[in-house]
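The block underneath contains the structure these notes are about, expressed in structure tokens.
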Amino acid sequence: MTVFYRFDGKMYINITNGCPCDCVFCIRQNGDSITQNDSLWLEHEPDINEIKAAFEAFDKTGINEAVFCGYGEPTVRAEMLLKTAEYIKQNSDMKIRLNTNGLVRLIHGGFDISRFKGLIDSVSISLNAPNAKRYNEVTRPSFGERAFDEMLNFAEEMKGLGIETGFTVVDVISEDEISECHKLCEKLGIPLRVRHYVTDNESYT
0 MTVFYRFDGK
10 MYINITNGCP
20 CDCVFCIRQN
30 GDSITQNDSL
40 WLEHEPDINE
50 IKAAFEAFDK
60 TGINEAVFCG
70 YGEPTVRAEM
80 LLKTAEYIKQ
90 NSDMKIRLNT
100 NGLVRLIHGG
110 FDISRFKGLI
120 DSVSISLNAP
130 NAKRYNEVTR
140 PSFGERAFDE
150 MLNFAEEMKG
160 LGIETGFTVV
170 DVISEDEISE
180 CHKLCEKLGI
190 PLRVRHYVTD
200 NESYT
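Here it is in structure tokens:
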């Protein structure tokens with residue numbers, strides 16, 4: 000069972016395969032892992048003791064950043080994410096990044112986003128589209144079109160907490176739509192990174 004894996008000089012954290020979205024570009028459609036790592040499909044969701052043991056056994060040489068990003072949406076297990084982040088903070092000098100769809104409050108009603116402060120240093124949020132209609136078509140969230148505004152609100156609140164916040168979009172949408180995404184991000188004061196769609200899982204970031 001792969002809980003921690005190395006990619007691009009960082010330690011990635013795989014704590015769940017659950018996700019409320021079914022993105023048209025999801026890498027899970029193309030295979031069961033990233034580059035040469037073992038399968039990221041979990042036999043079961045690891046408990047905190049399994050996570051601690053895996054962390055201690057993992058070769059962390061040269062790694063200065065940990066990233067919550069596996070074969071699922073990390074905030075599906077928000078409580079375990081927080082426990083894991085706290086343990087990593089206590090036992091390393093790594094910065095911690097969260098890659099997320101930004102829907103934690105729809106997944107867990109009433110979740111207090113301020114709990115991320117002090118544990119998450121940066122967050123990368125999947126914007127995916129410039130408006131709710133296209134977001135619903137590309138991301139296909141189980142929550143419907145209301146998910147788009149919730150994702151934007153999450154981003155603004157994370158930024159307000161002093162957490163380094165960024166958006167990403169995958170170039171499966173049109174150039175015009177990407178341009179609209181840039182304008183939206185400029186309005187929000189949050190940077191946007193355009194990711195290239197890959198089918199071989201070798202260039203995943």
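0 is the number of the first residue of the sequence shown in numbering that gives the first Met the number 0; add one for each residue after it. Built from N, CA and C at the ideal position, the CB exists for glycine as well.
Three-state secondary structure assigned by DSSP to residue i
i, result
"I62", "coil"
"K116", "coil"
"L97", "strand"
"T167", "strand"
"R139", "coil"
Sequence-distant residues of its chain with Cβ nearer than 6 Å to residue i (five each side left out)
i, result
"P190", "G165"
"H107", "A77"
"T138", "C20, C22 and N127"
"E176", "P129"
"D120", "K94 and I95"
Neighbourhood of residue i by C-beta, 8 Å cutoff - its chain only, sequence neighbours within 5 removed
i, result
"G188", "K158"
"Y196", "F24, V169, D170 and V171"
"L102", "P19, C20, E72, T74, P140, F142, A146, E149, M150 and F153"
"F3", "M10, Y11, I12, N13, A53, F54 and F57"
"H181", "L191"
"I47", "M79, K82, T83 and Y86"
Own chain partners of residue i with C-beta closer than 7 Å, once the 5 adjacent residues on each side are dropped
i, result
"A118", "Here the sequence assigns Leu to residue 118, which means Ala is not the residue at that position. Only L81, A84, E85, K88 and I95 meet the Cβ criterion."
Residue nearest to residue i in terms of C-alpha spacing, selected from the options
i, options, result
"D92", "T99, F115 and I62", "I62"
"A65", "N98, R133, P45 and E44", "N98"
Buried or exposed by the 16-neighbour rule on C-beta atoms within 10 Å, applied to residue i
i, result
"V193", "exposed"
Those residues which DSSP pairs with residue i across a bridge
i, result
"L191", "F166"
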